[in-house]
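Data block below; observations after.
In the numbering used here, the protein residues as written are 23 to 201.
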């Protein structure tokens, strides 16, 4: 996870950029060799959590240097749309809510019919994710290994997280009306 060591200014660590770039290069070589995929048919896309990094262009430059490929960054909204399209059968779109619980955020959305009877996507999200919430709690307990202290701090975050989730769903009221 390239974002696991992101600093307070939002920067990816150079060592993480280097490691990730070489992993991408190795995967490209493997895909070309094992699956006979032609270079023009290979694309590299970083997730929305990587796209929020202040120095994401450093990652893009390193990947371009190693692979000659442009690194594209996906938005949270597009990522949620693709998750819906890839995980929910179209017949279930109108009765579904998707939540993607990631390391840096929780995002998702619902699909409704617009006035012309076309599918319309309504995204929602929050900046709480498994890794950044865990790190926030660890920082509060000064990285102590005391489980009780950690759990006490986690419970304090529960109300804040519940309010955040309520706000997220309140911003897309049709999400609460799904069967």
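Every residue, glycine too, gets a C-beta built ideally from N, C-alpha and C.
Keep in mind it's a predicted model, so treat the numbers as computed, not measured.
- Using alpha carbons as the reference points, say which of 36, 139, 91 lies closest to residue 61. 91
- Task: Run the proximity test for residue 150: is its beta-carbon closer than 7 Å to any non-hydrogen atom belonging to the ligand MN?
- Result: Questions concerning the ligand MN fall outside what the structure shown contains, since it holds no ligand whatsoever.
- Item | Proximal residues to residue 149 (C-beta, below 6 Å), its chain only, five neighbours per side dropped | 127
- Task: Apply the 10 Å Cβ neighbour rule to residue 101 and answer buried if 16 or more other Cβ atoms are within range, or exposed otherwise.
- Result: buried
- When burial is assigned at 16 or more other CB atoms within 10 Å of the CB, is residue 85 buried or exposed? buried
- Message: What would DSSP say about residue 54, mapped onto helix, strand or coil?
- Response: helix
- Item | Per-residue DSSP class, three states only, for residue 41 | helix
- Between the C-alpha atoms of residue 145 and residue 133, what's the straight-line distance to the nearest angstrom? 9 Å
- Residue of 165, 94, 118, 29 minimising C-alpha distance to residue 204: Since the first and last residues shown for the chain are 23 and 201, residue 204 lies out of range.
- Chain-order list of residues whose beta-carbon lies under 6 Å from that of residue 151 (same chain, five-residue window excluded): 124, 125, 126, 127
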